[in-house]
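Position in the sequence shown (first residue = 1) + 1066 = the working numbering.
All C-beta atoms in this analysis are idealised placements derived from N, C-alpha and C, irrespective of residue type, glycine included.
Working notes for the structure below.
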Amino acid sequence: MNMGCLVDYLTIGCECCEFQYNLWLINGEPPPPQHRPADQRGLLHKGLMQCQFCFKSKREGVTFFRCGACQIEIYCSKECQKKAWGRHKEKCAINRKYQPAGGGEPKPMKDLRAFTSKHRPSISAAAAAALGVKKDPARAQESVFAIFLRPRRSGAARVETAFWALGAAVVPMRATFPPDQLAEMRAQHRSAHELNVANGSSGAMAVVLMCIDPNVVNVVMMGFGDGPSPVESPGPRWKHWLLQRLNDGLVA
């Protein structure tokens, strides 16, 4: 991944609170988030935690297990895993290629994946608004939605507050990945798009969560539809809306 090129698109905070975010950056992190128990039910998060073949969700009471090779994709049954293998095989190889020798993931990567999963409804809504995919779904084919993070020292005991967000941006896909990875990413995006369309969505978006110091990146495909957002609409101030939710640890 072209991490240097990706950082070029980073604007600290948003227009209305850039000064505040720069102060947080100087101080190391923002104040501890206000814990709001009513927001921690995570019903939408459970609804978006789905089998990667049949799309049954955790909200339906399904128990998942991970692919034994890459330890990333989740399935509700061995039958679904077998049916998904033709589509997952290439992605599984890519996932394993970027994992450390000996297999497994370092803790920062596991923390980042867990943080992404917790905030998936909010990230998906903000990405759709930023990319404008409801008006022009083709925009998801040429751009990625990038979120820039740093780890927290305080609040890290909770998955949803393990990181704090510096900014977010729409970045051309060709600026995000070098040529060899770009071909892989386009293939993965195409596969995710086809899978989401087959299950009633309009398509898929590529979302990149980049942690700065330590440098850890999580690339996720998120589906989008033409209906109303399951969370409140971010609107044109999607960046302010998303950064506030991530930094307050609000889980939908």
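Between A1272 and L1261, the C-beta spacing is not below 9 Å. According to the DSSP assignment, G1070 belongs to the alpha helix (DSSP H) that extends over 1069 to 1073. Closest in alpha carbon position to E1139, among P1300, L1316, S1299, M1287, is M1287. Rounded to whole angstroms, the Cβ separation of M1067 and Q1247 is 6 Å, and the two are in contact under 8 Å. Distance from C1158 to C1136 at the Cβ level is roughly 5 Å; contact confirmed, criterion being Cβ atoms closer than 8 Å.
Of T1077, E1156, G1094, A1235, the smallest CA-CA separation from A1258 is found for E1156. No residue range can be given for C1117, since it is assigned to no beta strand (DSSP E) and is classified by DSSP as neither H nor E. The C-alpha of G1289 is placed about 23 Å away from the C-alpha of R1162. A direct Cα-Cα distance of roughly 13 Å separates P1203 from H1255.
The secondary-structure analysis by DSSP pairs N1284 across a beta bridge with L1275. By the CB criterion at 9 Å, A1192 and K1112 fall outside the cutoff.
Contact annotation: V1282 and P1172 have beta-carbon atoms nearer than 9 Å. In the DSSP secondary-structure assignment, V1237 is bridged to V1210.
Close CB contacts of E1126 within its chain, under the 7 Å cut and outside five residues either way in sequence, are absent. Annotation: A1234 to P1245 spans about 23 Å, alpha carbon to alpha carbon.
Secondary structure note for L1316: it is in no alpha helix (DSSP H), with a DSSP letter that is neither H nor E. The bridge partners DSSP lists for S1123 are Q1116. Beta-bridge partners of L1215 (DSSP): A1231, C1277.
For I1189, the three-state secondary structure derived from DSSP is helix. DSSP places A1223 outside both helix and strand once states are collapsed to three, so it counts as coil. Between F1119 and Q1147, the C-beta gap is smaller than 9 Å, which places the two residues in contact.
The stretch 1146 to 1185 is shown to contain whole alpha helix (DSSP H) runs of 4 or more residues at 1173 to 1184, in chain order. Boundaries for D1202: no alpha helix (DSSP H) harbours it, and the DSSP string shows neither H nor E there.
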